[in-house]
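Colleague: Residue 1321 is where the sequence shown starts when you use the numbering used here, and the numbers rise one by one after that. Virtual Cβ for every residue (Gly too), placed ideally from N, Cα, C.
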Amino acid sequence: MNRREQTSRKIDEEIRREKAAALGRAGERLEAALAEVRAIAARLDTAVDGGERERLLDVYEGARLRVRDARFALLIQRGDRAEAPRGRRSALPRAASTPPVPPPVTLPPR
């Protein structure tokens, strides 16, 4: 192996390590956002004051959107496509393995 090939391999390895680290960070951001949504949902379940529930609904919606954004970033980071037969790519197998965005929550009518 000549010097150019060695240099190319070193660079490729560094790129792979950085991609793996970035993917890990994206996954951590998604997990943190999901934990935040779960915590807010639990508080919503126990809130009795109408004003507090409305405030928590706003907080929940913001957290839910952060999950959506973090999930999207993770899908982009990992390429969100798996090799399919004949070189075609499909986003379905890997996207399906990513946690879904939590549903919106609304207050029941009074």
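At the level of alpha carbons, what is the spacing between Ala1340 and Gly1370?
Modeller: Going by the C-alpha atoms only, they are around 45 Å apart.
Colleague: Relative to the C-alpha of Glu1356, which residue among Leu1376, Gln1397, Asn1322 and Ile1335 is closest?
Modeller: Leu1376
Colleague: If you count every other CB in all the chains shown that lies within 10 Å of the CB of Val1387, and 16 or more means buried, which is it?
Modeller: buried
Colleague: I want to know whether the region 1323-1341 touches the region 1360-1368 - three or more CB-CB distances under 8 Å.
Modeller: no
Colleague: With distances taken Cα to Cα, identify the nearest neighbour of Arg1398 among Arg1345, Glu1374 and Val1425.
Modeller: Arg1345
Colleague: Thinking just about the alpha-carbon of each residue, which of Glu1338, Ala1342, Arg1323 and Thr1426 is nearest to the one in Leu1395?
Modeller: Ala1342
Colleague: Could you please give the first and the last residue of the uninterrupted alpha helix (DSSP H) stretch that includes Ala1367?
Modeller: Per DSSP, Ala1367 lies in no alpha helix (DSSP H) segment and is marked neither H nor E.
Colleague: Please state whether DSSP places Ser1328 in a helix, a strand or coil.
Modeller: helix
Colleague: Whose CA, out of Val1425, Pro1423, Leu1427 and Phe1392, lies closest to the CA of Gly1347?
Modeller: Distances from the CA of Gly1347 to each of Val1425, Pro1423, Leu1427 and Phe1392 were compared; the closest alpha carbon is that of Phe1392.
Colleague: Kindly indicate which residue of Pro1419, Pro1424 and Ser1417 has the alpha-carbon position closest to the one of Ala1383.
Modeller: Pro1424
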